[in-house]
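**Student:** I'd like to ask you about the structure that follows.
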Amino acid sequence: MDIFSRRDFLKLTNRALLTLSGLLGLGGLLRFLGYQGEEAPATEFDVGLSENYPLNSTTILPDVPAVLEHTAAGFSAMSLTCTHLGCTVEQDGEGYLCPCHGSRYDSDGQVEHGPATEPLPPLKVELEADGELKVSLS
């Protein structure tokens, strides 16, 4: 004596597969709707006390990435992000070299050799009342 006919078995299998695919689709939709995006990268960096940077010094700030200069005119900073494709340039002799595609910049950030066409951008440096230095990307 058969419990299920072939037709009943196919109906049950069909419904089970449709239910399973619906649940899997719903699970994917819930994952999509619950996505938590990454935090925006920092645009302002506290680089410490101004007294840590002696007059006429040049300091690489790897966390920014930037180079901070302290001259008689005050503090200035320049981004170390290559203007070609965004790699971090490295100090090379009197200038900077992009390890990704070979762009070369002089010590002032001007392009000496491409493929980059734009100079390294200056960054905003603020000296707080308590002597703390802040470097801003904008």
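In my numbering, the protein residues as written are -19 to 118. Backbone N, C-alpha and C define an ideal beta-carbon position, used for all residues, glycine too. Remember, predicted model here, so these are calculated numbers, not experimental data.
How about Leu117 and Leu107: are their beta carbons less than 8 Å apart?
**Tutor:** no
**Student:** In the stretch -14 to 38, which residue ranges form an unbroken beta strand (DSSP E) of at least 3 residues, counting only runs that do not cross its ends?
**Tutor:** 24 to 29
**Student:** Straight-line CA distance for Leu77 to Leu48?
**Tutor:** 17 Å
**Student:** Could you name the residues of the same chain whose beta carbon sits closer than 7 Å to that of His81, not counting the 5 residues immediately before and after it, in chain order?
**Tutor:** His64, Leu65 and Pro95
**Student:** For the candidate residues Asp86, Ser83 and Gln71, whose alpha-carbon lies nearest to that of Thr39?
**Tutor:** That would be Gln71, whose Cα lies nearest to the Cα of Thr39.
**Student:** Val69 and Tyr85 - do their beta-carbons sit closer together than 8 Å?
**Tutor:** Result yes, Cβ atoms of Tyr85 and Val69 sit closer than 8 Å.
**Student:** Considering only DSSP beta bridges, list what Leu127 is partnered with.
**Tutor:** With the chain covering only -19 through 118, there is no way to say anything about residue 127.
**Student:** Taking the beta carbon of Gly73 as the centre, do at least 16 other beta carbons fall within 10 Å, making it buried, or is it exposed?
**Tutor:** exposed
**Student:** Identify, in the order they occur along the chain, each residue of the same chain with its Cβ nearer than 6 Å to the Cβ of Pro101, setting aside the five sequence neighbours on each side.
**Tutor:** Ser59
**Student:** Count the other C-beta atoms from every protein chain shown that fall within 10 angstroms of the C-beta of Gly17, then say buried if there are 16 or more, exposed otherwise.
**Tutor:** exposed
**Student:** Considering only C-alpha positions, which residue in the set Gly75, Leu10, Ala52 and Pro42 is nearest to Pro34?
**Tutor:** Ala52
**Student:** Between the alpha carbons of Ala109 and His50, how many angstroms are there, rounded?
**Tutor:** 17 Å
**Student:** For the beta strand (DSSP E) holding Gln71, just list the boundary residues, first then last.
**Tutor:** Glu70 to Asp72
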